[in-house]
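Engineer: Take a look at this one; I'll ask things after.
As structure tokens, then:
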């Protein structure tokens, strides 16, 4: 998630909706800062192409990060796009048949995204309003994870499974494994960088001990501190055989959010790691109506996290629902766009916006922004 984040009584989905805008290619610069007052509503952003929805599949539509003013970035019709207000703009590509999405944006309109062509993925950067994208050397992007901070540093995993930093289109640094990483450990993904330059990722160990045949496997959060001190392995969410620790975002204090995932059972538990990271993380719980859930993003300084509440795919008693945690108390729901329609949140900002996607009354998936998101969030069990 880009570090700007100014990257997921009941209020109902009858909140006012601002409908689709115009489609342009390489549109104008973002408008001035957010309005002094905030009106709670669900903004439906302009969209292109397919709007199909399939749970846990690659998203056809959605906001993945929020920039300064009314700038948002993400995917529409499986294409990388950005929005100013509700107006959608295509990221200019040399091959119009390429698919992809924008993953993050910083305060200056510099975006990082992923392209997918002929089964190969690569990362790119794009400056809002520019004529072309810049491909990043040795990048991968197949995990759909990358971030950019306000200084223009892009972080992700390289195609050789190494945490990597790029600047101005060039590779400038490889991120070392923590000294206490065991044999057979590599970087699985790099997911965040904040304004200070703290970098967040996930390491994976997969090693068989020759002498005993013991199989060592697990995932661990990794923090590369901005002050240049050694990389740190943080406590995992658990140590079960099929348990993985997914770290998705960090704020300016290095508070980290993500989730515990137990793969064979499709069990997701929201998780928070709190600085100074001398103790294990913990979960604030799940939405009262759903047994599972994730955190995908945290605001830069206000401590608000968003994600998606879930059921097991074979027992979908209720559709997925976008959720918000204000930093204390229970996890809350964000209003659905349509009754019975799934929703998901992937971005949150200090100015109160949350971004994601939601299914409308016709069954189409639409990119959305919840304004004054904490004011709209509610306890669905109340």
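Residue numbers (the working numbering): 7 to 388.
We put the beta carbon where it would ideally sit given N, CA and C, even for glycine.
Since the structure is predicted, the reported quantities are computational estimates derived from the model, not experimental observations.
(1) Counting C-beta neighbours from all protein chains within 10 Å, is the total for residue 380 16 or more, i.e. buried, or is it exposed?
(2) Leaving out five residues before and five after residue 286 in sequence, what residues of the same chain have Cβ atoms less than 6 Å from its Cβ?
(3) Taking contact to mean 3 or more Cβ pairs, one atom from each stretch, closer than 8 Å, check whether the stretch 172–180 and the stretch 209–222 are in contact.
(4) Measuring only the C-alpha atoms, how far is residue 78 from residue 215?
(5) For residue 247, name the three-state secondary structure that DSSP assigns.
(6) With a threshold of 8 Å on Cβ separation, who are the neighbours of residue 295 within its own chain once the five nearest residues in sequence on each side are excluded?
(7) Quick check: what's the CA-CA separation for residue 304 versus residue 163?
(8) Quick one, which of 64, 372 and 237 has its alpha-carbon nearest residue 107's?
(9) What residue range is occupied by the uninterrupted beta strand (DSSP E) comprising residue 380?
(10) Would you say residue 169 and residue 181 are within 7 Å of each other, going by their C-beta atoms?
(11) Alpha carbon to alpha carbon, what distance is there between residue 148 and residue 80?
(12) Could you have a look at residue 376 and say whether DSSP puts it in helix, strand or coil?
(13) Where does residue 313 sit, in a helix, a strand or coil, going by DSSP?
(14) Candidates 367, 297, 258 and 282: which alpha carbon is nearest residue 309's?
(15) What does the alpha-carbon distance come out to for the pair residue 364 and residue 57?
(16) Quick one: what does DSSP say residue 362 is sitting in, helix, strand or coil?
(17) What does DSSP give as the partner residue(s) for residue 350 in the beta ladder?
Structural biologist: Well, looking at it:
(1) Your numbering for residue 380 matches position 374 in the chain shown. By the beta-carbon neighbour count (other beta carbons within 10 angstroms, threshold 16), residue 380 is buried.
(2) The count along the chain shown starts at 1 and reaches residue 286 at position 280. Hits under 6 Å: 241.
(3) Between the stretch 172–180 and the stretch 209–222 there are fewer than three inter-stretch CB-CB distances shorter than 8 Å, so the stretches are not counted as touching.
(4) Numbered from 1 along the chain shown, position 72 holds the residue referred to as residue 78. Numbered from 1 along the chain shown, position 209 holds the residue referred to as residue 215. Residue 215 has its alpha-carbon roughly 47 Å from the corresponding atom of residue 78.
(5) By one-based count along the chain shown, residue 247 stands at place 241. Three-state result, residue 247: coil.
(6) The residue you call residue 295 lines up with position 289 of the chain shown. Residues of the same chain with a CB within less than 8 Å of the CB of residue 295, apart from the 5 flanking positions on each side, are 315, 324, 327, 339, 386 and 387 in chain order.
(7) Position 298 of the chain shown, counted from the start, is the residue given in the question as residue 304. Position 157 of the chain shown, counted from the start, is the residue given in the question as residue 163. Answer to the nearest angstrom: the Cα atoms are 21 Å apart.
(8) For this step, residue 107 is matched to residue 101 along the chain shown. When each option's Cα is compared against that of residue 107, the closest is 64.
(9) Here residue 380 refers to the residue found at position 374 of the chain shown. Note, residue 380: premise wrong, no beta strand (DSSP E); alpha helix (DSSP H) at 379–382.
(10) As a position in the chain shown, residue 169 is number 163, starting the count at 1. As a position in the chain shown, residue 181 is number 175, starting the count at 1. Inclusion of residue 169 and residue 181 in the CB contact set at 7 Å is warranted, their separation being smaller than that value.
(11) Here residue 80 is taken as the residue at index 74 of the chain shown, counted from 1. Here residue 148 is taken as the residue at index 142 of the chain shown, counted from 1. Pairing residue 80 with residue 148, the inter-Cα distance amounts to about 16 Å.
(12) Mapped onto the chain shown, residue 376 falls at position 370. Strand.
(13) Position 307 of the chain shown, counting from 1, holds the residue named residue 313. In the three-state reduction of the DSSP assignment, residue 313 falls in the strand class, which pools E and B.
(14) Numbered from its first residue, the chain shown carries residue 309 at position 303. Among 367, 297, 258 and 282, the Cα nearest to that of residue 309 is on 258.
(15) Numbered from 1 along the chain shown, position 358 holds the residue referred to as residue 364. Numbered from 1 along the chain shown, position 51 holds the residue referred to as residue 57. The C-alpha of residue 364 lies about 10 Å from the C-alpha of residue 57.
(16) As a first step, residue 362 must be located in the chain shown, where it is residue number 356. In this structure, DSSP gives residue 362 an extended state, which the three-state scheme calls strand.
(17) As a position in the chain shown, residue 350 is number 344, starting the count at 1. Looking at the DSSP assignment, residue 350 forms a beta bridge with 363.
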